[in-house]
Structure formats: structure tokens, C-alpha cells
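Here the protein sequences come in this chain order: A and B. full-length UniProt numbering puts the first residue of the first sequence at 1, with every later residue one more than the last. full-length UniProt numbering puts the first residue of the second sequence at 1, with every later residue one more than the last. Right, one structure below, let's go through it.
Protein chains: 2
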Amino acid sequence: MSMRAPQREPASDLPQRITIYEVGPRDGLQNEKTVVPAEVKAEFIRRLAGAGLETIETTSFVPPSWVPQLADASEVLQLLGDDGLGPRRPVLVPNERGLDRALEAGVGAVAIFGSATETFARKNLNRTVAESVEMFAPVVARAREAGLWVRAYVSMCFGDPWEGPVPVEQVVEVSRRLMDLGCDQLSLGDTIGVGTTGHVSRLLDALDAAGIGADRVGVHFHDTYGQALANTLTALRHGVTVVDASTGGLGGCPYAKSATGNLATEDLVWALHGAGVETGVDLESLVETSVWMAGQLGRPSPSRVVRALAGSPE
Amino acid sequence: MSMRAPQREPASDLPQRITIYEVGPRDGLQNEKTVVPAEVKAEFIRRLAGAGLETIETTSFVPPSWVPQLADASEVLQLLGDDGLGPRRPVLVPNERGLDRALEAGVGAVAIFGSATETFARKNLNRTVAESVEMFAPVVARAREAGLWVRAYVSMCFGDPWEGPVPVEQVVEVSRRLMDLGCDQLSLGDTIGVGTTGHVSRLLDALDAAGIGADRVGVHFHDTYGQALANTLTALRHGVTVVDASTGGLGGCPYAKSATGNLATEDLVWALHGAGVETGVDLESLVETSVWMAGQLGRPSPSRVVRALAGSPE
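Written out as C-alpha cells, the structure reads:
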């Protein structure tokens, strides 16, 4: 027998409830070698919602040649019908053409994907940081006009595989410019997973001082150096209540060397439920979903909770 | 290129310096299927010391039939000579016979291994918790008489695979009885890795209220549910300055189902050096040591930092 749930011992320094922003269907599947059929993607999203995840990024309207894994974005949304729409089902849009496709599909929320560093902006968007903000301006303006909720990702906030350490001031500057376009939420990405706890504190403090409070910030950690959960808890202690995670620990970044998977949603849920923080998630259902998805992908889940619980059924 | 060291951003809520209590040669190798030759164990310990680890648990004087992996305890210490002795080179002793062998070998420090739960005490020591404390009394008394430094492990502090949740009061009671025997340091073991951050806080607060302050406590987390680093940082925020870790993430517990490896020393060092906490460790040397040891064991290291750094040499 293993323990199926953590002993509940509330942590006084954490929020009472947080929102998990599930990125598995987009950030996760985009980085899997196996191309998953649209029907499986739609079923994955339905199961995630069934397990209690309220906010799910469903797909990405990038050009199919960039990310063949998500070339079926429109088809996935068609299969989902109303379950794929509304303000809690954002889709990634890289530019105005992506926004057009998202609007055609009838979505209620979009996310843009910026970079804190020049090198990654060039590699990922073929633009300077300043040019990318210019490119995003009409995307955000038109999305807002259409009544959509808008999120701005900032990648490479804690380190860059080509540039090394990234100054906190540089991240604040890019974040401010993107939020000034009118975005509703910022997501701070540690794309290569190098950040540590004091760094998280300093960045959140600096953003707050620049007028971007924790109530508008989500955090997005990768576990490349084993720091994702510890950094997430530090962010929650600073008042952040939105956490990006990927069910089963799927994902990574195809353009960044040595990037491995996102924080696994199950490992996050174990930490939070133990600490008395509500998430709305049913952990058993989520683990079942990861086991099912691992079967579709033909390999075991990297989530430690999934391995611990699925490896020893009662 | 990957980043070889984290960006240094001091965390104001952590101690300036901590002591890593390295358990790889004992807790790690005891749980590997491969039986490593004594020469390799001695070389492993020498390399760990060379990488800056000041406190290293070298081996265990349990009966060879219990743990064949460490049947060569005396030989390892002979090979190490003075490098294996002194107050910073504890050995595990399960009982008086083990202490006799440790004294013969000339060690300067020993550790006893108690349990917070009756089921694990019975399975691991073939005794009740009360009987095990009685058994340890003469071990600690004689060790102190001989001038040795003494540590008391308490296992199953956060959950037990047979009993489930473990009441904090029960852990405090066992800890108090063991420390009352005259031990210098307590090590709180989350043997099956189920604990979470609020639970860590509550246990440390309860121990403090019972007269066992953070200055006499070490923490020992396993990463079975992905919680080890986050829980360790919580303990450090409560004033703990001794952390058990296993280089390369070696280890587990052969008597506890679903227990996986200890917190990897490298992942801990990444977190601490990033946060400006001194450890005395040279991370590059430690990673080299893990890569070498993984070669001896014929399998890759489970440490995420080792995989990130060793997978992408500059």
C-alpha cells in the first residue's frame, strides 16, 4: 500500500485557494515526439476538465510548419464544441494570423508568447524584443476589442541557454511593455528551469514595484534542475495564485536546449492539498488521466506522484 | 550550452550557511541492487570529501545478512584510514554489536536508526518502539562514554506505508525519548516521501515546543512524491541548518515499498548556491563524482542537475 493522499497540515504562509493553469495539451503535447490524433487531444482535455481543472490552455494557432504536433488546432476545438470555448480555455496565438484563426474558431481567451531575451526572441519569433512587442500590439488590441481575455507569456525569465543569467530589470521591462498593451495576466516562464527561490522573490518584488502586482501574475516553472515545485511555493508565499502546470509532467521547449518538462500538475496538487490549499482537482482522476495519456504516448509519465500512485494500486 | 551555475540571488529567509549531511555512501548504496566493491566505496567517499562535503556517513555496521551491500564496512574504513574517522564521518550502528564493531574500527561518530511507527519498528528492528528505545539506551550511553558524536534517525516521520498518516505528537514523543538518551542530533526522516510543507512546519514547531530546537535537528527527505527540495527549504526557513542528501540521488529504503531516492545533493546545492547559502561544495566536482559513480552502477543518475549538466558539457 502507498498513501493515496497527503496528510493535511495547513501552511499558514500559502493562499487558501489557487488556480492551476493547465498547459499539458499545449505546452506538453507540443514538445512530445509522438503526434497525438485530434480525437485523443480532445479526450485529454475533457478528462482534465472532468478531474476538476478549471483553466486549460487547449492548443496553439501557430503555423503548422512550426509545430506539427498542434497543426490540428481548429479540429481539436471543433471536436470539443462548447467545452473548448469561454474565458477559461485560452489558446496560444503567435501573431495576427493566429488571432484570426482563433477568432474564427470562436475562442474566449488567447495567450501571446514573448521573450525576456534578445537571442530567444530572434530564435523563436525572428524579431528583436522591441519588434516582437510591436507585433503583439495589434494582436492584443484586436483580442480585447473582441472581448477576449488575454495572457502574456514571458519566456527565459530566469536564465537563457545562449545568454546565461538574465537581469531581473530586463524581465521587468519586457513584462511592463507587454502588460501595457492591455493584457490581463502575465506568466513568468523559467523556460530552462534554472531559477532558484531568492531569484523568484526578487523578480516578483521588482514587478510589484513596477506596478504589476502578484494578483496579475502566474508562474511557469520547468523542472530541469529540480527547482520547479520549490520555486512555485515561493511565488505563492508572495501572493501569486495562478500556477502553470502540465498533467503528467508533459512538455518542454523545442527551441531551448536542455529544457525538460513542466512542473507536473500531480506533484503540485500533492503539495497543495497537503498544505490545505484548495485547487478543485481530484488527484485520483488526474493520475488516471496521466496513466491513460502515457499509454497514448507509449512511455511512462515523468511525474513522481503518478509513478508513486499508479505503481502501487490499492 | 547550458548554465553551469545558478544566478545568485540571496534569499533573506534562509540561513547564510548550512551543513550537508551526505548519506550517499550509506543510505544510497545500501539501496542499490549492484553491490559496489569496497575500493569503489572508499574512492566515492574520498571524491565526495574532495568536492567539499564535510560530513559524510560512510557505512553501516548492520549484520551483513541484513544489508549485503554494506557487508564490507570494516574494510571500507580500513581503506579510508584517517579519511574515514573523526566526528564528521559517522557510521550507522543498529545495536550494541554494531557499536562494538564501530569502536573497533576507531570511528568518531555513530548514528542510531529509530522509527516513529510501531509497524516499521517491528519490520525494521523486530521490536516495539518502546523496546527499540530500550535497546538504543546502552548504545548511546557507551558511545558517549567513548567520546563519540551521536545522531538519532527517526524514520516514517511523515507517513508510513502500512499505517498511513503519522500523528505529529507520535513523532515528537519518539524523538524526545531518543534525544533524552543523550544524542547530539536528530534526523527527521520522510522515509516514503509523502510529507508537505505545512506538515514540516508543524512538526518542527512541535519539536521546538518539546525542547528540541532547530539547532539540534536535521531533515531527511525522499523525493518519492517530488516534495523533497520544497520541504527542505521549509525546514531551513524554520532555522534548521543540517540537511541530509545523497549525491546523485542514490538510495531509498529496502524495507519500505514505494520509497525512491533521497534528495539529490546536486539539486539541493543548485537551490542553495542560487539563494546565496554557503555549502562549501564545488558543484562541478560533485557532478563529476556522480557521473563516475553512475558508471560504476551501470545506470544514469536520477539527479536532475546531474542530467542537465552532464548531458551538455561546454
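Even for Gly, the Cβ is constructed at its ideal location relative to N, Cα and C.
Check                                                                                                                                                                      : Outcome
Looking only at DSSP bridge pairs, what is V243 (chain B) linked to?                                                                                                       : B:I20, B:V219
Checking 9 Å against the spacing of the C-beta atoms, do V305 (chain A) and G226 (chain B) come in under that value?                                                       : yes
Just reading off the beta strand (DSSP E) that G109 (chain A) is part of, what are its end residues?                                                                       : Residue identity differs from the one stated: residue 109 (chain A) is Ala in this sequence, not Gly. Taken as a continuous stretch (DSSP letters only), the beta strand (DSSP E) holding A109 (chain A) covers 109-115.
Less than 8 Å between the CB atoms is what I'm expecting for V91 (chain A) and I112 (chain A), so what's the real figure, rounded?                                         : 11 Å between Cβ atoms; not a contact.
Comparing the C-beta of D223 (chain A) with each C-beta of chain B, is any distance below 9 Å?                                                                             : yes
Straight-line CA distance for I18 (chain B) to V243 (chain B)?                                                                                                             : 8 Å
On the DSSP letters alone, give me the boundaries of the alpha helix (DSSP H) that A209 (chain B) sits inside.                                                             : 197-209
Taking A235 (chain B) as the reference, which of B:E278, B:P15, B:E9, B:A209 has the closest Cα?                                                                           : B:P15
Based on Cα-Cα distance, which residue from A:A51, A:P87, A:F44 lies nearest to A76 (chain A)?                                                                             : Looking at the sequence provided, one finds Val at residue 76 (chain A) rather than Ala. Minimum Cα distance to V76 (chain A) is reached at A:F44.
Who are the Cβ neighbours of V217 (chain A) in its own chain at under 6 Å, not counting the five residues just before and after it?                                        : L186, V240
For the region 171-184 of chain B and the region 256-276 of chain A, state whether three or more C-beta atom pairs, one from each stretch, are separated by less than 8 Å. : no
Using a Cβ-Cβ distance cut-off of 9 Å, determine whether P6 (chain A) contacts chain B.                                                                                    : yes
Since V194 (chain B) is in the beta strand (DSSP E), which residue starts that stretch and which ends it?                                                                  : No beta strand (DSSP E) contains V194 (chain B), which DSSP labels as neither H nor E.
What does the Cβ neighbour count give for A141 (chain B), buried or exposed, with the cut at 16 atoms within 10 Å?                                                         : exposed
Is DSSP giving W270 (chain B) helix, strand or coil here?                                                                                                                  : helix
On the DSSP bridge assignment, give the partners of Y153 (chain B) in chain order.                                                                                         : B:F113, B:S187
Quick one: residues in its chain with C-beta nearer than 6 Å to the C-beta of R299 (chain B), no 5 flanking neighbours on either side, listed in chain order?              : none
Using only CA atoms, which one of A:G189, A:V171, A:Q78 lies nearest to A209 (chain A)?                                                                                    : A:V171
Nearest-angstrom Cα distance between T232 (chain A) and D83 (chain B)?                                                                                                     : 40 Å
State yes or no: is the C-beta of E104 (chain B) within less than 9 Å of the C-beta of S74 (chain B)?                                                                      : yes
Can you tell me which of B:P161, B:G164, B:L207, B:L286 puts its alpha carbon nearest to the alpha carbon of L178 (chain B)?                                               : B:L207
Consider the Cβ of T241 (chain A): report whether some Cβ of chain B lies at a distance smaller than 9 Å.                                                                  : no
Which chain A residues sit within Cβ distance under 7 Å of S201 (chain B)?                                                                                                 : A11
Name the residue from A:G248, A:H220, A:E169 whose alpha carbon lies nearest to the alpha carbon of R202 (chain A).                                                        : A:E169
Find out if the Cβ-Cβ distance for the pair residue 318 (chain B), G28 (chain B) is shorter than 9 Å.                                                                      : Only positions 1 to 314 of chain B appear in the structure, and residue 318 (chain B) is not among them; the question remains open.
Whole angstroms are fine: how far does the CA of D282 (chain A) sit from the CA of T117 (chain A)?                                                                         : 38 Å
Just the C-alpha distance for F61 (chain B) and F136 (chain B), rounded to the nearest angstrom, thanks.                                                                   : 14 Å
Which residues, in chain order, does the region 266-282 of chain B contribute to contact with chain A at a C-beta distance below 7 Å?                                      : D267, W270, A271, G274, A275, G276
Where A245 (chain B) and A71 (chain A) are concerned, what is the direct C-alpha to C-alpha distance, given to the nearest angstrom?                                       : 44 Å
Name the DSSP beta bridge partners of A264 (chain B), please?                                                                                                              : B:S246
To the nearest whole angstrom, what separates the beta carbons of S175 (chain B) and V194 (chain B), a pair I think is in contact under 8 Å?                               : Contact doesn't hold; Cβ gap of about 18 Å is too wide.
Measure the C-alpha to C-alpha separation of E173 (chain B) and Y21 (chain A) and round it to an integer number of angstroms.                                              : 41 Å
Just the chain B side, please: which residues come within less than 8 Å of L229 (chain A) by C-beta, in chain order?                                                       : G226, Q227, L229, A230
For E118 (chain A), does the three-state DSSP call read helix, strand or coil?                                                                                             : helix
Alpha carbon to alpha carbon, how far is A130 (chain A) from V139 (chain A)?                                                                                               : 15 Å
I'd like to know if T289 (chain B) contacts chain A, where contact means its C-beta is closer than 9 Å to some C-beta of that chain.                                       : no
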